[in-house]
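A.B. asks:
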Amino acid sequence: MASCPNCGKKIPFWNIKAECSSCGVSIPNFNWVARLEEDNINAERAFGKFYKTINRMSYSLFGTKLRIARLVLTFLPAVGFILPWASIKSDGDSFDLTFLSFTGGKSVIDILLQFFNNASLLIENMGFEGYSGPVTFLLIGTLFFLLSAVFIVVAFFMNIIKCAKPKTKSTVTFDIISIVCSITAVVFFSLAASRGADFSAFSIGEFTALNSSGGFAWGYIVAIVLLLAAMGINIAVAVAPAKSDEELEAARKAKADAKEAKAREDEIRKAKVREEAEKAREEEQKAIIAEAKRKVAEKQAKDKAKAEKRSK
Numbered sequence: 002m003a004s005c006p007n008c009g010k011k012i013p014f015w016n017i018k019a020e021c022s023s024c025g026v027s028i029p030n031f032n033w034v035a036r037l038e039e040d041n042i043n044a045e046r047a048f049g050k051f052y053k054t055i056n057r058m059s060y061s062l063f064g065t066k067l068r069i070a071r072l073v074l075t076f077l078p079a080v081g082f083i084l085p086w087a088s089i090k091s092d093g094d095s096f097d098l099t100f101l102s103f104t105g106g107k108s109v110i111d112i113l114l115q116f117f118n119n120a121s122l123l124i125e126n127m128g129f130e131g132y133s134g135p136v137t138f139l140l141i142g143t144l145f146f147l148l149s150a151v152f153i154v155v156a157f158f159m160n161i162i163k164c165a166k167p168k169t170k171s172t173v174t175f176d177i178i179s180i181v182c183s184i185t186a187v188v189f190f191s192l193a194a195s196r197g198a199d200f201s202a203f204s205i206g207e208f209t210a211l212n213s214s215g216g217f218a219w220g221y222i223v224a225i226v227l228l229l230a231a232m233g234i235n236i237a238v239a240v241a242p243a244k245s246d247e248e249l250e251a252a253r254k255a256k257a258d259a260k261e262a263k264a265r266e267d268e269i270r271k272a273k274v275r276e277e278a279e280k281a282r283e284e285e286q287k288a289i290i291a292e293a294k295r296k297v298a299e300k301q302a303k304d305k306a307k308a309e310k311r312s313k
C-alpha cells in the first residue's frame, strides 16, 4: 500500500485521485524539484557506469599494442582447427581429426553428424568392444577436439567478460584447458588408429574402416604452436601494466573534448566560408547592378545625342 509523501497517510490501491485526502498535496507533483535533481544524479551515475564499462571493454581489446597483438593471436588458432591433427587411413572410409578434411577423409563434423543420427548404434558398438576400442577412442578424441575449440573461444570472450579486471588470468586458464584438451584429442585419435589395426573393421554409423592405420598428423604441430602463442600473449598481457578506471575516463574525456573542439572549429570555418561566399555574392550583385546602370546611362546618352541631332 502506498503512502502520501507529505503526511504519510496510507493510500488504498483503489484511490486514483492525484491529491491526498488528508493534507491535499498533489502527490505526482510533490517536491518535484528535488526529485528532478535526484533523477539527474541517478542518470549521471548510470552514464558513469556505462562509460566505465565501455572504457574497460575498449581498453581490454584495443587499449595497447600488446592487446591488439593479443586480439590477432587469439583468432589465429582457428587456422589450426582446419588442419589435420591426427588421421586414420583405411581401405574403406578414412577419418581426419579436423573441421575440414582436404584428403577426402571424414572430418569431425561428419563424425558428429553420425553420432547424432546413429547414437544408439555407436553406443552399442562401443559396448561390443568393451569401451576400449577404435570406436570409443575415436569418439573421445572427437569430443576433446570440440572441447579444445570451445575453450579457446571462451578464452577470447573472457577478455570481454573480465574487462573490469585488465590483469585477469582467466584467459590463460582457458588457454591451458584448450591445450590439454587438444593433446588428449590427438592421443585418443592416435589410439583409435592403433586399436583399429587390431580389428579387421569397425564402423562409425554409416562409415566403415577396413584394415586401418594412422596416428599423429603434421597439422597438430601448427595448431599447438598457435595455441601456445595465444597463451603466451595472454600471459604477457596479464603481467603488463594496466591503466586505472580514472586514467581511462580521463583519456575518454580528453578525446571527447578534442572531438567537440574540432567540431566547433569546423563549424566556425564553415560559417566563415559561408560569410565570405555571401560577401562575394553581394559584391558580384553590386558589380552586376553597376554594369547594368552604366549600360542604361550609356544608352540614354546615345538616345539623347540622337534626339539632339535630329532636332537640328
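Here the working numbering is used: the first residue of the sequence shown is 2, the next is one more, and so on. Beta carbons: idealized from backbone N, C-alpha and C, even for Gly. All values derive from a computational prediction rather than experimental measurement.
#1: Count the other CB atoms within 10 Å of the CB of Asn43; is the residue buried (16 or more) or exposed (fewer)?
#2: What's the C-alpha gap between Phe63 and Val226?
#3: Note down the Cα distance separating Ser1 from Lys11, rounded to an integer number of angstroms.
#4: What are the boundary residues of the beta strand (DSSP E) that includes Leu211?
#5: For Phe158 and Thr174, what's the separation of their Cα atoms in angstroms?
#6: Let's see if you can read the secondary structure: which residues bound the alpha helix (DSSP H) around Gly215?
#7: Ile141 lies in the alpha helix (DSSP H); which residues open and close that run?
#8: With C-beta atoms as the reference, is Gly220 less than 8 Å away from Gly81?
#9: Leaving out five residues before and five after Arg57 in sequence, what residues of the same chain have Cβ atoms less than 8 Å from its Cβ?
#10: Please state the DSSP three-state secondary structure of Ile12.
#11: Helix, strand or coil: which one does DSSP assign to Asp97?
#12: Taking 8 Å as the CB-CB limit, is Glu292 close to chain B?
#13: Cα separation between Lys310 and Lys300?
#14: On the three-pair Cβ rule with 8 Å, is the segment 88–98 touching the segment 263–273?
#15: Considering only DSSP beta bridges, list what Leu203 is partnered with.
#16: With a threshold of 7 Å on Cβ separation, who are the neighbours of Ala241 within its own chain once the five nearest residues in sequence on each side are excluded?
#17: Start and end of the beta strand (DSSP E) containing Ile89?
#18: By the DSSP assignment, the alpha helix (DSSP H) with Ile112 in it spans what residues?
#19: Among residues of its own chain, excluding the 5 on either side of Leu101, which ones have a beta-carbon nearer than 7 Å to its beta-carbon?
#20: Rounded C-beta distance between Phe138 and Phe217? I'm assuming under 8 Å.
#21: From Gly215 to Thr99, what distance separates their C-alpha atoms?
#22: Rounded to whole angstroms, what's the CA-CA distance from Val274 to Ala255? Just pull it up for me.
#23: Which two residues bound the contiguous alpha helix (DSSP H) that contains Cys182?
C.D. replies: This is what the structure gives:
#1: Exposed, by the Cβ-count rule.
#2: 24 Å
#3: Any answer about residue 1 is impossible in this case: the structure gives the chain only from 2 up to 313.
#4: Note, Leu211: beta strand (DSSP E), Phe208 to Leu211.
#5: Rounded to the nearest angstrom, the two C-alpha atoms are 13 Å apart.
#6: Unbroken run through Gly215 is the beta strand (DSSP E), Ser214 to Phe217; no alpha helix (DSSP H).
#7: Pro135 to Ile162
#8: yes
#9: Cys164, Ala165, Pro167, Asp246 and Leu249
#10: strand
#11: strand
#12: Checking the listed chains, one finds no chain B in this structure; it contains a single protein chain.
#13: 15 Å
#14: Three or more beta-carbon pairs separated by less than 8 Å are not found between the segment 88–98 and the segment 263–273, which leaves the two stretches without contact.
#15: Per the sequence shown, residue 203 should be read as Phe rather than Leu. Answer is Ala210.
#16: Leu67
#17: Element bounds for Ile89: Ala87 to Lys90.
#18: Val109 to Asn118
#19: Ile83 and Ser108
#20: Contact doesn't hold; Cβ gap of about 14 Å is too wide.
#21: 14 Å
#22: 28 Å
#23: For Cys182, the uninterrupted alpha helix (DSSP H) segment begins and ends at Ser171 to Gly197.
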